[in-house]
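Reading through the structure tokens given below for one structure.
Protein chains in written order, with my numbering: chain Z, 1 to 182; chain V, 183 to 757.
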């Protein structure tokens, strides 16, 4: 089953490697992964789609939250969230089916981003199922090439972001003293 | 201002001093020469190991014996890759160590330079967290964060990879005053409502059973554990990682559970109606077949790592927190509820204790002995006699480890030091070096098999250099015993590549390194040989030739339920 995870993480070298490494290490299959900056340039927002057994979903989130560069991992599967994907399609058309293809594009609210005598490049956004259908329809007109972005997700509930406050260096030493006592 | 300008190497050492580091276990190499140049006249003591893997194991021995963060150091490339086993080992057993590795100059990184390896990438999954430092100015923050991450929460190994130019560069050193890791959360206190509910469940249970794990040792919660055991008056088992957390001589202590656990330990787990799991992770070596594990029990699970809760076995009542903080609160609640609830299940509790004692009496863990040969169990019983539950004992992995765990008593935490989760051969001897360095007052036995010992021989030089009075006891059966045991039991006795011939003469080997050693193969000479080893003021290498064909029992076959133990080897049928 597909699980969609929204991650807020520090934009540090190696942060992406930690996330993907953890997923493969624990045997979770990545279906898609997108990452980009947030309005705070030190943070990135990542949306990951993984294929896991539903029972394992909380474990995936807990493991993500253990990563020190991850500020928050949220399971947005089926939750209040907007999930969107973008697809770019290149399609060859003939003089005869040119208008039909444009008609289909219009139905799916796709935009023409390139047009030549040979064919079109189309851009469509929506949820993944809608894009699946769009691609299915276009394949009936001939060979196509597809690039999909993977899901980007925006959680809609007000989840409080809990961050650890700065600690004076002594705080760590206090723990140490505790450990030193026999 | 210029007086304040320091090299990265010097800054690193000053940061280590601020973290109370007194010993580094390491091995120099090309890119760490600047660091060793700074060490030349520095107060921190450096122990020169003979292989980087042992540096990590020695740092672990130091950490396991004291609870303080151990430090190891290696150069780039092969030095760093040699550390990896030790890091993963520390990861599996949650041991706080910080590894410092050199890296080629930042300008050379990515060019396949001499002795370059992607240490940062390679150790991603081998550490709790790792850092790559390319600028001298970034060093203090990374080092202090590394120590904080290693020692806090669920402890673990942290690696700091430092480029040669970061060691050499000069920077104004402003000591770090605070650590800010916004995404790193440590849960210590436990949820009060959950703690109260847990206390209620404990009084309501008819057959409560305490299952203490390594977290009780790592969290220095032995006293707390003991108080809980006594308040509730429940039987308690300690896992392989927790032996000593509750004194072995405590009347409520049953034994170790799991694949080679005692009959009573496992039967108790199976029949309990409440399992109180403290700082433990329901490892497969403890649970056996998970579906058949503790089928009648509700589970209270206290752990500092939220990801351990319900990972293997669903917890009916989870408490995320530090055992050292949570247990006293639990005891408080138990005492508050006691007047109303304590007597409710008293009769059932008595019957439960009676049952557990019967199991214990039925199949106790007793060392088998023979008149004609030294049984390995006999060896462990003799070491137990000399230790009296007070010596530090380190081991590798395999048969000798299991017999040690079964038959040697540990009456204090941090005495029993072994490679549990990863099961690394070659761990015991270097771990003993780290432990003896940290605890010069303690008698240290390093019990190793003849296989694991041969992975550690280079480190005999380190022992001699520092005149460490470690008693190396080789349980020599001429086999990779545990692999042979499995080949016998599960692979139709097709013994393949498990015979270890060509073992050196122990006395000559020790003498070659400049210390004493001997071999004992007669059962009536065993006690005296061990006593000689212990009486020797310096190190001693005792090669004990034990009966070669002994196997470890009880045993839960892999994938079996823990109540379905094989209690002893199949006996030959008399004709």
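Every residue gets a Cβ at the ideal spot worked out from N, C-alpha and C, and that includes glycine. Fair warning: this is a prediction, and the values are worked out from it, not measured in the lab.
Please tell me whether residue i has its Cβ less than 7 Å away from any Cβ of chain Z.
i, result
"residue 184/V", "Note on residue 184/V: pLDDT 47, under 50, position unreliable in the model; no value is reported."
"residue 527/V", "no"
"residue 205/V", "no"
"residue 574/V", "no"
"residue 287/V", "no"
"residue 361/V", "yes"
"residue 493/V", "yes"
List, in order along the chain, the chain B residues whose C-beta lies closer than 8 Å to that of residue i?
i, result
"residue 311/V", "Absence of chain B from the displayed structure is noted, the protein chains being Z and V."
Cα-Cα, which of the options is closest to residue i?
i, options, result
"residue 165/Z", "367/V, 343/V, 333/V", "367/V"
"residue 709/V", "603/V, 624/V, 569/V, 640/V", "569/V"
"residue 66/Z", "92/Z, 99/Z, 9/Z, 133/Z", "9/Z"
"residue 275/V", "389/V, 648/V, 398/V", "398/V"
"residue 232/V", "601/V, 443/V, 261/V, 243/V", "261/V"
"residue 200/V", "652/V, 313/V, 358/V, 688/V", "358/V"
"residue 527/V", "254/V, 382/V, 697/V", "382/V"
"residue 513/V", "685/V, 677/V, 385/V", "385/V"
"residue 29/Z", "83/Z, 37/Z, 35/Z, 19/Z", "19/Z"
"residue 14/Z", "304/V, 285/V, 253/V", "304/V"
"residue 564/V", "655/V, 322/V, 189/V, 477/V", "655/V"
"residue 119/Z", "36/Z, 141/Z, 134/Z, 129/Z", "141/Z"
"residue 634/V", "608/V, 243/V, 537/V", "608/V"
Quick one: list the residues of chain V neighbouring residue i, beta-carbon separation under 9 Å, in chain order.
i, result
"residue 163/Z", "364, 365, 367"
"residue 17/Z", "302, 303, 306"
"residue 106/Z", "Per Cβ cutoff of 9 Å: no residues; residue 106/Z is ~45 Å from chain V at best."
Any C-beta of chain V sitting closer than 7 Å to the C-beta of residue i?
i, result
"residue 179/Z", "Any reading at residue 179/Z needs caution, since the residue's pLDDT is 41, under 50, leaving its predicted position unreliable; the model's value is listed next. It does: the Cβ of residue 179/Z has a partner Cβ on chain V nearer than 7 Å."
"residue 3/Z", "no"
"residue 54/Z", "no"
"residue 168/Z", "yes"
"residue 7/Z", "no"
"residue 109/Z", "no"
"residue 96/Z", "no"
"residue 182/Z", "Low local confidence applies: a pLDDT of 35 at residue 182/Z is under 50, so the model's placement there is unreliable, with the coordinate-based value given in what follows. False, the Cβ-Cβ gap to chain V never drops below 7 Å."
Find the residues of chain Z that neighbour residue i, judging by a C-beta separation of less than 9 Å, and give them in chain order.
i, result
"residue 488/V", "62, 65, 66"
"residue 270/V", "By Cβ distance, chain Z contributes nothing, its closest Cβ being about 12 Å from residue 270/V, past 9 Å."
Starting from residue i, follow its DSSP beta bridges and name the residues at the other end.
i, result
"residue 228/V", "206/V"
"residue 642/V", "DSSP lists no partner for residue 642/V."
"residue 227/Z", "Residue 227/Z lies beyond the stretch modelled for chain Z, which goes from 1 to 182, so this question has no answer here."
"residue 598/V", "575/V"
"residue 85/Z", "126/Z"
"residue 393/V", "419/V, 459/V"
"residue 315/V", "344/V"
"residue 252/V", "279/V"
"residue 432/V", "Note: residue 432/V sits in no beta bridge, so no partner."
"residue 145/Z", "90/Z"
Give me the Cβ distance between residue i and residue j, rounded to the nearest whole Å; I'm assuming they're in contact under 8 Å.
i, j, result
"residue 207/V", "residue 616/V", "7 Å"
"residue 70/Z", "residue 335/V", "In fact, because the Cβ distance is near 14 Å, the residues do not count as touching under 8 Å."
"residue 730/V", "residue 657/V", "Not quite, the Cβ-Cβ distance comes to about 11 Å (not below 8 Å), so this is no contact."
"residue 516/V", "residue 484/V", "Incorrect: roughly 14 Å between the Cβ atoms, too far for contact."
"residue 127/V", "residue 659/V", "The first residue shown for chain V is 183 and the last is 757, placing residue 127/V beyond what the model contains."
"residue 433/V", "residue 421/V", "Incorrect: roughly 19 Å between the Cβ atoms, too far for contact."
"residue 137/Z", "residue 106/Z", "Their Cβ separation, rounded to whole angstroms, is 12 Å, which puts residue 137/Z and residue 106/Z out of contact at 8 Å."
"residue 308/V", "residue 363/V", "Going by Cβ atoms, the distance from residue 308/V to residue 363/V rounds to 20 Å, so no, they are not a contact pair."
How would you list, in chain order, the residues of chain V whose beta-carbon sits under 7 Å from the beta-carbon of residue i?
i, result
"residue 21/Z", "306, 307"
"residue 10/Z", "365"
"residue 25/Z", "307"
Mind pulling the chain Z residues with CB within less than 8 Å of residue i?
i, result
"residue 314/V", "13, 14"
"residue 266/V", "Residues of chain Z passing the Cβ test: none, with the nearest at roughly 14 Å."
List the residues of chain Z that residue i touches, going by C-beta distances under 7 Å, in chain order.
i, result
"residue 358/V", "169"
"residue 508/V", "Result: empty, since nearest Cβ-Cβ is about 15 Å, beyond 7 Å."
"residue 502/V", "Correct list: empty, because the minimum Cβ distance to chain Z is about 10 Å."
"residue 331/V", "68"
For a contact meaning CB atoms closer than 8 Å, what does residue i contact in chain V?
i, result
"residue 71/Z", "364, 365"
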